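Trainee: Take a look at the following structure, please.
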Amino acid sequence: PVDDVLDFTSGLPGGGPPRGVSLSGGITAALLAVALFLLPAGIARATGAWIPPSAAIAASLTPEEIGPTMTLSAVAEGFAMAPLELLEVLGIAGDFDTDTKLFDIEEDERYEHISVSWVRQVLSDALAP
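Using the numbering used here, you'd call the opening residue of the sequence shown number -1 and step up by one each time.
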């Protein structure tokens, strides 16, 4: 060994590294911090609660993927449409709240005929070449 090479001193009286601290402890702490940062995202993906950024789902939705808990604005975004354009395609008034979930639309007596399967069919027909 060569003297004064890789000499980790703390600057404290007595020199040398403080007790309980080592070079590998810093790496371990960094890896632990990264793991704790990513843990919530991993749990969300594993449980199916992960909602991807809207840019990732733009224009990537198919009519079969429309679910009852989706909002009108989420459906519009999934088909790369403006919310008002979707309302027009579905025959819904332009002042209707686009944050309404699909299964809640039929609670409005004007739109009792609208169901998730009906929305899927209308959008399939509207998007057909």
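C-beta: ideal position from N, C-alpha, C; glycine also. Given the structure is predicted, the values throughout are model-derived calculations rather than measurements.
Within its chain, find whatever has a CB closer than 6 Å to the CB of E104; leave out the 5 residues flanking it on each side and keep chain order.
Mentor: E110 and I112
Trainee: Please classify I64 as buried or exposed, where buried requires at least 16 other C-beta atoms within 10 Å of its C-beta.
Mentor: buried
Trainee: Are the Cβ atoms of L85 and L70 separated by less than 8 Å?
Mentor: Closer than 8 Å, so yes.
Trainee: Taking C-beta to C-beta, are L128 and F77 nearer than 8 Å?
Mentor: Since the first and last residues shown for the chain are -1 and 127, residue 128 lies out of range.
Trainee: Beta-carbon separation of P61 and L100 under 8 Å?
Mentor: no
Trainee: In this structure, does DSSP put T26 in helix, strand or coil?
Mentor: helix
Trainee: Where does T69 sit, in a helix, a strand or coil, going by DSSP?
Mentor: strand
Trainee: For a quick check, are the C-beta atoms of A74 and A80 less than 8 Å apart?
Mentor: yes
Trainee: For A42, which residues in the same chain have their Cβ closer than 6 Å to its Cβ, ignoring the five residues on either side in sequence?
Mentor: Contacts found: W48.
Trainee: Work out the CA separation of L29 and T98 for me, nearest whole Å.
Mentor: 42 Å
Trainee: In angstroms, rounded to a whole number, what distance separates the CA positions of A44 and T67?
Mentor: 20 Å
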